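Trainee: In our numbering, the protein residues as written are 1 to 403.
Would you mind keeping the following structure in view while I ask a few things?
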Amino acid sequence: MAKDSLLFLSPVLPNANGSGREKRAHQWLMLLSQKYTVQWLVITYSQELADAAQLLPHTQAVLLQYPRWKRWAQLLQTVLSFLVGPVKGAFLLEWMPLRQPQKDALRPIYQDQDFAKILAFRLYISEYAFFLQQLTNTPLVELDLDDIESSTFLKTSRILLKGKLYKKAFLKFVASRQFRLFENQYLKKFDKVYLCSREDRKLLEQRLPAATGAVFPNRMYGKTNSFGKPDQVQRLLFVGSLDHYPNEEAVRWFIEQVLIPLREQDRKWELQVVGYGASEKLEEHLVNQPGVLFSGPVPDLGPVYAQAGIVVAPLHAGGGTKLKVLEAMWHGRPVVATQEAAYGLGIATGTHYLLAETPAEYIQQCVKLATDSVVYSQIIAAAAKVAKEKFSYHAEHLPEIWE
């Protein structure tokens with residue numbers, strides 16, 4: 001029996017070993033493919049990504065060419081929208097505008113196709129979802145929101161302001177306000193809105209009772225690893241996309257407030273930083289910092305986790321559930337994390353990870369794991385168990401997304 005077709009709209013291609021968005025997109029693809037023939041439409045500003053998409057089966061791409069000057073001009077429309085409500089075509093950070101050239105490109109590809117459902121991967125491609133729904137007469141259109149983006153942008157704006165990055169802080173604040181307006185406008189129109197945690201679904205229901213929320217948690221691909229306790233238990237590890245400011249802020253804070261005091265006690269303490277997207281300024285800072293091993297992007301995280309003793313996640317802002325915490329649990333390494341980093345995962349401090357907010361707490365928890373083998377082993381065992389049972393693609397309790 002032939003499967004129904006589903007159209008997936010996304011700013012990225014699925015990749016189980018890629019960025020957070022790429023991993024979540026891969027999770028969706030693997031699950032949806034069990035029931036549907038999935039067609040993928042990539043909407044991007046990147047020529048390289050558009051070219052890569054065209055080489056894949058069942059995949060199309062829309063390349064957005066939107067002059068920078070025009071984006072800045074439309075910032076005025078955004079300011080106006082704060083006063084009078086959403087303004088069509090207003091500038092938005094990360095928004096994927098639907099213009100006539102894109103409509104003309106999409107019509108001959110999709111106008112004669114039938115889909116059981118359209119799933120939009122992020123709010124900022126909503127215009128495409130509803131245009132294609134009308135074009136194809138698709139009965140259902142759903143959205144993977146992952147997290148409440150207006151809240152995420154607002155938290156990021158605050159730490160940018162704290163870091164005296166005023167221009168970036170202002171733009172993130174503008175994006176936060178604008179996304180809040182568009183959340184109010186669009187979310188109630190989707191047949192279902194997926195978020196990665198119960199906490200975010202509850203927040204959605206409080207803000208927009210008319211929206212239908214569902215939880216689609218982030219999960220890990222493959223099998224859990226058990227490396228055993230490493231020889232260098234005092235090697236700390238941070239993994240994250242370094243072009244995302246909350247990650248950069250977390251690394252800088254940890255080095256200044258935690259690593260330096262730890263190394264004053266014992267020079268064996270060191271921090272390995274892994275991730276793509278570091279600016280030249282950040283890379284120079286990390287390379288020249290005593291006790292910091294900057295690796296940049298790596299093709300396989302397995303060996304990195306195998307060599308690490310403790311994973312740290314000192315995040316003070318962000319959105320959704322943090323894959324860096326799940327990855328550490330998946331690879332059998334204990335995590336010291338802030339409440340922000342463990343948000344939405346439903347894991348227990350002292351059982352699945354150790355909580356730390358202040359520099360003193362971070363130092364205390366890192367030293368505890370390095371010196372207490374019993375605590376170290378207990379945290380790893382409990383975290384590995386919950387990772388396998390709750391956060392695996394093949395977890396016993398899979399999300400019910402078909403209703």
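Cβ atoms here follow ideal geometry from the backbone N, Cα and C, with glycine treated the same way.
Since we're looking at a predicted model, the values are computed, not measured.
Do you know offhand how far L29's Cα is from L161's?
Mentor: Your numbering for residue 29 matches position 29 in the sequence shown. Your numbering for residue 161 matches position 161 in the sequence shown. Going from the Cα of L29 to the Cα of L161 covers about 37 Å.
Trainee: With 16 other CB atoms within 10 Å as the buried threshold, where does H58 fall?
Mentor: Counting from one through the sequence shown, the residue named residue 58 turns up at place 58. The residue in question, H58, is exposed, as its Cβ has fewer than 16 Cβ neighbours within 10 Å.
Trainee: Which residues does DSSP list as the beta-bridge partners of K192?
Mentor: Position 192 of the sequence shown, counting from 1, holds the residue named residue 192. Looking at the DSSP assignment, K192 forms a beta bridge with E142.
Trainee: So, with DSSP's three-state summary, where would you put K117?
Mentor: One-based indexing of the sequence shown puts residue 117 at position 117. K117: strand per DSSP, three-state reduction.
Trainee: Where K322 and R252 are concerned, what is the direct C-alpha to C-alpha distance, given to the nearest angstrom?
Mentor: Within the sequence shown, numbered from 1, the residue matching residue 322 stands at position 322. Within the sequence shown, numbered from 1, the residue matching residue 252 stands at position 252. Rounded to the nearest angstrom, the two C-alpha atoms are 18 Å apart.
Trainee: Name the two residues that bound the continuous beta strand (DSSP E) containing I43.
Mentor: As a position in the sequence shown, residue 43 is number 43, starting the count at 1. Start and end: Y36 to T44.
Trainee: Scan the stretch 276 to 346 and note each continuous alpha helix (DSSP H) run of 4 residues or more that stays entirely inside, going in chain order.
Mentor: Whole alpha helix (DSSP H) segments, 4+ residues: 280 to 287, 302 to 307, 323 to 330 and 339 to 342.
Trainee: Locate the alpha helix (DSSP H) running through D200, then write down its first and last residues.
Mentor: The count along the sequence shown starts at 1 and reaches residue 200 at position 200. First-last of the alpha helix (DSSP H) with D200: R198 to R207.
Trainee: Does the distance from the C-beta atom of G240 to that of G275 stay below 9 Å?
Mentor: Your numbering for residue 240 matches position 240 in the sequence shown. Your numbering for residue 275 matches position 275 in the sequence shown. A contact, by the Cβ cut-off of 9 Å.
Trainee: I'd like the list of long-range same chain contacts for N17, defined as Cβ closer than 6 Å, with 5 residues on each side in sequence excluded.
Mentor: As a first step, residue 17 must be located in the sequence shown, where it is residue number 17. Once the five neighbours on either side are set aside, N17 has no close Cβ partner at all.
Trainee: Leaving out five residues on either side along the sequence, give the residues of the same chain with a beta carbon under 6 Å from the beta carbon of G20.
Mentor: One-based indexing of the sequence shown puts residue 20 at position 20. Excluding positions up to five away in sequence, the list reads L323.
Trainee: Assess, as a yes-or-no matter, whether the stretch 153 to 172 is touched by the stretch 103 to 110 under the definition of 3 or more beta carbon pairs within less than 8 Å.
Mentor: Segments in contact, no.
Trainee: Determine the closest residue to P14 out of S5, I148, W40 and L7, with distance taken between C-alpha atoms.
Mentor: On the sequence shown, position 14 is the one that residue 14 refers to. The candidate whose alpha carbon is nearest that of P14 is W40.
Trainee: Could you check how far apart the C-beta atoms of L355 and Q339 are, in whole angstroms? I think they sit under 8 Å.
Mentor: Position 355 of the sequence shown, counted from the first residue, corresponds to residue 355. Position 339 of the sequence shown, counted from the first residue, corresponds to residue 339. Right, their Cβ atoms sit about 7 Å apart.
Trainee: Which residues bound the beta strand (DSSP E) around E270?
Mentor: By one-based count along the sequence shown, residue 270 stands at place 270. E270 -> beta strand (DSSP E) spans E270 to V274.
Trainee: Check whether the stretch 138 to 148 touches the stretch 112 to 130, taking contact to mean three or more Cβ pairs, one atom from each stretch, closer than 8 Å.
Mentor: Touching, yes, given that three or more Cβ pairs across the two stretches are closer than 8 Å.
Trainee: What are the boundary residues of the beta strand (DSSP E) that Q234 is part of?
Mentor: Position 234 of the sequence shown, counted from the start, is the residue given in the question as residue 234. Run containing Q234: none; DSSP gives neither H nor E here.
Trainee: For Q289, collect the residues of the same chain with a Cβ closer than 7 Å to its Cβ; drop the 5 residues on either side in sequence, then sort them by chain order.
Mentor: Taking the first residue of the sequence shown as 1, we reach residue 289 at position 289. Hits under 7 Å: I255.
Trainee: If we ignore side chains and look at the alpha-carbon of each, how far apart do L282 and V292 end up?
Mentor: Position 282 of the sequence shown, counted from the first residue, corresponds to residue 282. Position 292 of the sequence shown, counted from the first residue, corresponds to residue 292. C-alpha separation (whole angstroms): 12 Å.
Trainee: Once the 5 residues before and after K388 are set aside, which same chain residues still bring their CB inside 7 Å of it?
Mentor: The sequence position of residue 388 within the sequence shown is 388, counting from 1. T224.
Trainee: Tell me the DSSP bridge mates of L9?
Mentor: Translated into the one-based positions of the sequence shown, residue 9 becomes position 9. The partner list for L9 (beta bridge, DSSP) reads L41 and A120.
Trainee: Of all the options S33, L64 and V38, which has the alpha carbon lying nearest to the alpha carbon of Q47?
Mentor: Locating residue 47 in the sequence shown gives position 47, where the first residue counts as 1. For the residues S33, L64 and V38, the minimum Cα distance to Q47 belongs to L64.
Trainee: Mapping DSSP to helix, strand and coil, what is Y393?
Mentor: The residue given as residue 393 occupies position 393 in the sequence shown. Coil.
Trainee: Should H331 be labelled buried (16 or more other beta-carbon atoms within 10 Å of its own) or exposed?
Mentor: Walking along the sequence shown from the start, residue 331 turns up at place 331. Looking at its Cβ environment, which holds 16 or more other Cβ atoms inside 10 Å, H331 is buried.
Trainee: Could you check if M220 is buried or exposed, using at least 16 other CB atoms within 10 Å of its CB as the buried criterion?
Mentor: Walking along the sequence shown from the start, residue 220 turns up at place 220. Buried.
Trainee: Could you pull out every residue in the same chain whose Cβ sits closer than 6 Å to the Cβ of V287, ignoring the five residues on either side in sequence?
Mentor: Against the sequence shown, residue 287 aligns to sequence position 287. Cβ within range, chain order: F294.
Trainee: Against chain B, with Cβ distances strictly below 9 Å, would S19 count as a contact?
Mentor: This model lacks chain B altogether, as it is built from one protein chain only.
Trainee: Terminal residues of the continuous alpha helix (DSSP H) containing L181?
Mentor: Against the sequence shown, residue 181 aligns to sequence position 181. Its alpha helix (DSSP H) spans residues Y166 to Y186.
Trainee: For L64, which of helix, strand or coil comes out of DSSP?
Mentor: Taking the first residue of the sequence shown as 1, we reach residue 64 at position 64. L64 falls in the coil class under three-state DSSP.
Trainee: For A211, which residues of its own chain have a beta-carbon under 8 Å away from its beta-carbon, when the five flanking residues on both sides are left out?
Mentor: In the sequence shown, counting from the first residue as 1, residue 211 sits at position 211. So the list reads L187, K188, F190, V193, L204 and E205, once near-sequence residues are dropped.
Trainee: Which residues in the same chain have their Cβ closer than 8 Å to the Cβ of T349, if we skip the five residues on either side of it in sequence?
Mentor: One-based indexing of the sequence shown puts residue 349 at position 349. So the list reads A342 and L355, once near-sequence residues are dropped.
Trainee: For N247, which of P217, A129 and S279 has the nearest alpha-carbon?
Mentor: Taking the first residue of the sequence shown as position 1, residue 247 is located at position 247. The option with the nearest alpha carbon to N247 is S279.
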